[in-house]
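Residue numbers (the UniProt record's numbering): 1 to 340. We put the CB at the ideal spot given by N, CA and C, even for glycine.
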Amino acid sequence: MKEHLSIELLERYINGECTDDEATLVKQWYQSFEQDADYTSALNASQQKALEEKIYNSILKNIDVVNNQEIPAIHKGNTTWLWVGAVAAMLLIALMIGLYRQANRRHKEEIAGDQQNMVAITNNSHRIYKSKLPDGSTVWLNPNSQLKYPKVFAASSRVVLMSGECFFEVTKNPDCPFIINSHSIITKVWGTSFRVRDNEQSNEADVAVVTGKVSVSIKTKQSISNTRLNIENGDVMLYPHQKAVYSAHDHTLKPIVKSDESPLKIWNHEDLLFDNKLVRDIIPALNARYKTHIVVANEKLNHYMLNADFTGFNLPDVLEALNKSLSIDYEIKNNTIELK
């Protein structure tokens, strides 16, 4: 069996872009057809002659010069099989290259099509951004976070890509698993609400569950391709009030039995009713209920009055309501929320 040559090498050879060593390799492969008649065993003598005469000059024109070096002259008299075999081989190469280019073009078109069918969200603001997914799930993106998802989810799985910090409330559908592909970890959703933090700038990633359950695994080629809702060796299953932390330093994923749950309180759905209350009276109530730290950067905001029913609201929804009703903006600075 002849030595295998890549399509890329043969294409560079035909285009005259080979190095000297590559050209020598192709010439040796080309000349090896002297003892091989397999390509033309179905042709009779007259057909072989016609084929040889038809492409003889074409071969000399297209492949006899590579890096200014000529292929040694081949005498037609005693090497008919060499020429016929080589001609057929070059025709096969041309066909293979054509198919390769066609597949390449199709692959690029598929990628372009995939990009057109994807929704990409980047939160460059200082606020939390809320997004509704095609299946009815909701995602809140913290500042400097990114999310990508298809306009229409596949029938077999719902796969999204994220970077940064996002909180998910996922619509249940056991027949169509919800899977989050982030920088270091893969999170599979078995329940409803949880937070994922994972980005390229950090040496750690974590998942914390508020309700329901999720499984977390270290990102590998195998975990990316596995879209089934099952538990693999090394996966960590998490339930409410549990957390798993991935460390890039030692490439480990560990469950945390006891962790500070205060930062997750902002995602609790609380029932709050304010009947003509001043903002200065509302803020302490929000801080107490959501275990957070809200401050007023503009004193005049304290005198704004609010009449609102925040039944079933988490804190980001409350802040969004304040923005729409009283035009109060906010900015997240570390663990502090500034109203302004």
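Restricted to the region 161–230, the alpha helix (DSSP H) segments that are unbroken, complete and at least 4 residues in length are 221–225, listed in chain order. Under DSSP, Phe153 shares a beta bridge with no residue.
Residue state for Arg127 is assigned as coil, using DSSP reduced to three classes. With respect to the 9 Å criterion, His303 and Arg280 are classified as neighbours on the basis of their beta carbons. Beta-bridge pairing by DSSP links Gln146 to Thr122, Ser163. Around the beta carbon of Val160, 16 or more other beta carbons lie within 10 angstroms, which makes this residue buried. Note that the C-beta distance between Met305 and Lys277 is below 9 Å. Within the DSSP bridge table, the entry for Ile256 names Lys243 as partners.
Your pair Leu339 and Ile332 does not check out as a contact, with CB atoms roughly 11 Å apart and the cut at 8 Å.
With fewer than 16 neighbouring CB atoms inside 10 Å of its own CB, Pro284 falls in the exposed class. With respect to Val209, Gln242 sits close: the two C-beta atoms are nearer than 9 Å. Asn276 carries a strand assignment under DSSP once its states are collapsed to helix, strand and coil. Counting only runs that start and end inside the UniProt domain "Protein FecR C-terminal" (272–338), the alpha helix (DSSP H) elements of at least 4 residues fall at 279–290, 315–326. Val207 counts as buried, since at least 16 other C-beta atoms from the protein chains shown sit within 10 angstroms of its C-beta. Its chain contains Glu165, Ala205, Asp206 as the residues whose beta carbon lies nearer than 7 Å to that of Arg197, once the 5 sequence neighbours on both sides are disregarded; these appear in chain order.
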